[in-house]
């Protein structure tokens, strides 16, 4: 299912849960695992000095430095590695999201696993948000394969997941997320919850919607889920459709909790180039920060389209309100 | 004559040598060897004889020792008006002495010269515009760096830098394949959001050939995508060369004139090969200075001009906004106070001061000038290679104070800095002083501000 | 003695002065190299001329350039000093009388009291320039004995001339001293940095061309380099 898994770690405890999932998955699916850490931010022009992402201290780049980091990673994840031999450790300097994406592309990874702080109040969360948070965000946006973000201990192994929540905004990217969610649910035999949150705040700013109008919209959205996604599912009926109105990230979190979701799958696409603005506006980031289960972000069909499905023409059409 | 394994008078022309230098963390061994490096005084004397022409000789001779250059130097101001930081003193006590002693100087002296040439001058040439005789000490320090380089007295990072240019024709180890692949990657990554986006490589007869800074493909390929998006939105017929795409030139900072020639010729070859109408360079100051302003002379082009007309990115932006190729959404103009960092290399030494103001008039509602500004603006504090040399980190950080005060005085928290070096210096300044200053190139700001024509919008 | 000093010696000194300066200019220009200096002196000449003129004019008038305006105090002293140095000897009645007598021509002249005033101003300015050299650390570090010697060489003809004119102590002594000092100064000019009488123009023209042709002069309005 995943031939190559790229585990992008910050080499801090924040990634321990993610490490567990990554190694577990690699074991289960016989994937080759790429343990990858971007340890230094380039700084000071063309100079050789880099800023260590963990300590914030400056040091000169050199082959020995890299070797030391690799050794540290080896030790850090010794327990997880165990007797697994199909793994590589790689550490580079660069802007983290860029290097993770570069590596994923170079290695043709089928899945990227990343960690995240679960709560903003945790020590270092601010730093996390500014550096690692935007890294997660940008990797999620740029990756051509699914990105699995694990921020809390994952009690069940992925292949025992019983509830997969698929949140859609009917975008083209969402269709890729659907393919992944569906493929996964089918593969491991879990229930698929197809969910859409009617974003009332953004849709009709300043105007209060009548209840019957909302209900009409809900009915419409449900129909759209049926047309767009359910019609694509074959030999599979372990699913449910729900549409609720509210602020998308709140609704999806509430829904995931209510349904005992083991995994949330959604797409993440925003055109914002300014990372700060994108950071605030992102549903994915909010969901990742608050969800009690892992979140998979899927935006592109490249790694999930090998399902025997005929892509539907209007799958790309936007809801548009 | 004693020469080191790493620190010597040889140029870095092989990967083995380059890797050996890179493996020497922080240049520890390199600088140790430098202490034993003999000065080839014969060579120094002949070099002086061949290259120290009347302009420099006259400058050295007629300096009236009036000290009017003192206040023009940001390093003098930043170092509590240390008299040893007076530009005239700095050049007289180094180049002046070498000439006086006819090249008969020792190792210790040359190390002092090296430290002066790279940590007490950024070659911003501001002093030149305050000297009644028009003595341009920036130019003289450039010459002095050449002397140092030929004797092997050059900071470690710059020895590596020239090696990169000699081997890769880029300031970083990026091959032609890496570069073309990065272009493909960026087009791939951004085409969903910008339908039809492409980065055409080696297209012949395009209107624009775009050249850039190797750090963009290396660390910030978004910058390439952003350039592509803006060309795409402006409907430009453009291309990038697969070879000769690197506009920057660390060899100029290092004083390795032979490598300077190699580097700019790779770009000129691309011009001759692809025959674009003109070349547009990225938001980089020294890249423009080296490839567009000084390069033709290294390459021996007697017109003093590049094979095709070459402009800086700000010139293209100003033109695109002026002619309406790019339209700014009035609602998205920058509302907060914003200031502009005048890069020495294309403002004072390139004449583009009004172009940058024109851009600001289109995109900013509350533009605040630094004081002084335009051609008399101070160096960012990191020019001329200062940013990248670990040996002089403290001196560089001290030098940043002047720019910092200038920025703080404007009251603006956002600095637009279409120059890689200035951008780096301001970034580092924030790292050191933590004032909450933000810095940006033009490209990301413009992408947020321009109106996207209907037919170029993504479907969803 | 007087006859010798104002005759052959004066001719010799003036000859050295004029020929020396011409040679300096010739050598300066011959030593320019388009590729080494990185200025195409013979291409885009019009931009070069524009830049050169602008550079010279801005710096030849008081407060004409940003550099002059940045330091009003020294600019003021500096211009008084140079104005006095240049105008007093050229337009002094006594000099022109001599000129007429020996060479049969003379220039326009200024009155003796005006010349007096100029001389005194020049000396006062020189005094302040010396003070400045001593007082300011950034100038002190640049200053060597050579600078004081040259200043003395420059000022001596004025001081001796003033004393002679007012017949303090011994007119004849001061007159001889004045002529000798003047001739020493003339002889020194081509061989020392006093050659900046002409090399100032050379250097400014060169830099003006550098900026005018290459460093931005062909773009935008430029500035007085």
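Chains as they are written, first to last, in our numbering: chain G, 16 to 336; chain B, 124 to 583; chain X, 598 to 822.
Note that the Cβ used here is the ideal one computed from N, Cα and C, for glycine as well.
- Selection B:158, B:280, B:252 and B:230 evaluated against residue 145 (chain B) yields B:280 as nearest (Cα-Cα).
- Chain B places no beta carbon closer than 8 Å to that of residue 709 (chain X), leaving this residue out of the contacts.
- For residue 512 (chain B), the nearest beta carbon of chain G is closer than 8 Å to its own beta carbon.
- Contact check between the region 208-222 of chain B and the region 233-253 of chain B: three or more CB pairs, one atom from each, fall below 8 Å, which counts as touching.
- Under the three-state reduction of DSSP, residue 659 (chain X) is assigned to coil, being neither helix nor strand.
- DSSP places residue 670 (chain X) within a helical segment (H, G or I) once states are collapsed to three.
- Going by DSSP, residue 242 (chain B) is part of the alpha helix (DSSP H) stretching over 230-242.
- For residue 114 (chain G), the enclosing alpha helix (DSSP H) starts and ends at 111-122.
- Annotation for residue 618 (chain X): the continuous alpha helix (DSSP H) segment containing it runs 605-627.
- The beta-carbon of residue 740 (chain X) is placed less than 8 Å from the nearest beta-carbon of chain B.
- In the three-state reduction of the DSSP assignment, residue 648 (chain X) falls in the helix class.
- Between residue 208 (chain G) and residue 266 (chain G), the C-beta gap is not smaller than 8 Å, which leaves the two residues out of contact.
- In the structure shown, the three-state DSSP call for residue 716 (chain X) is helix.
- G:214 is the residue among G:247, G:251, G:214 and G:249 whose C-alpha sits nearest the C-alpha of residue 236 (chain G).
- Taking the C-beta atoms as reference points, residue 489 (chain B) is found no nearer than 8 Å to residue 442 (chain B).
- Membership of residue 263 (chain G) in the alpha helix (DSSP H) is indicated by the continuous run 263-273.
- In the assembly as shown, residue 309 (chain G) is a buried residue. Its beta-carbon has 16 or more other beta-carbons within 10 Å.
- When the alpha-carbon of residue 444 (chain B) is set against those of B:473, B:521, B:570 and B:551, the nearest one is in B:570.
- Looking only at G:169, G:151 and G:205, the smallest Cα-Cα distance to residue 162 (chain G) is reached by G:151.
- Neighbours of residue 633 (chain X) in chain B, taken as residues whose beta carbon is under 7 Å from its own, are 174 and 176 in chain order.
- For residue 566 (chain B), not one C-beta of chain X is nearer than 8 Å to its own C-beta.
- Contact between the region 665-685 of chain X and the region 709-717 of chain X is present, with at least three C-beta pairs closer than 8 Å.
- Nearest neighbour of residue 434 (chain B) by Cα position, chosen from B:412, B:185, B:455 and B:449, turns out to be B:412.
- Contact between the region 452-466 of chain B and the region 490-509 of chain B is present: 3 or more CB-CB pairs across the two stretches fall below 8 Å.
- Per DSSP, the unbroken alpha helix (DSSP H) holding residue 80 (chain G) starts and ends at 78-91.
- For the alpha helix (DSSP H) assignment, the uninterrupted runs of no fewer than 4 residues enclosed by the region 729-805 of chain X are, from N- to C-terminal side, 734-737, 742-762 and 768-788.
- Counting along the chain, no beta strand (DSSP E) covers residue 395 (chain B); the unbroken alpha helix (DSSP H) around it starts and ends at 380-397.
- Under DSSP, residue 63 (chain G) takes part in no beta bridge, so it has no partner.
- Only 74, 75, 76, 77, 78, 79 and 80 from the region 74-107 of chain G bring a Cβ to less than 9 Å from some Cβ of chain B.
- The beta carbons of residue 610 (chain X) and residue 783 (chain X) sit closer together than 8 Å.
- The continuous alpha helix (DSSP H) containing residue 177 (chain B) extends over residues 177-185.
- For residue 725 (chain X), the secondary structure class from DSSP, reduced to helix, strand or coil, is helix.
- A straight line joining the alpha-carbon of residue 68 (chain G) with that of residue 556 (chain B) spans about 19 Å.
- Residue 549 (chain B) places its beta carbon 8 Å or farther from that of residue 473 (chain B).
- In the DSSP assignment, the residues bridged to residue 562 (chain B) are B:538.
- Neighbours of residue 149 (chain B) in chain G, taken as residues at a C-beta separation under 9 Å, are given in chain order as 63, 64, 74, 75 and 77.
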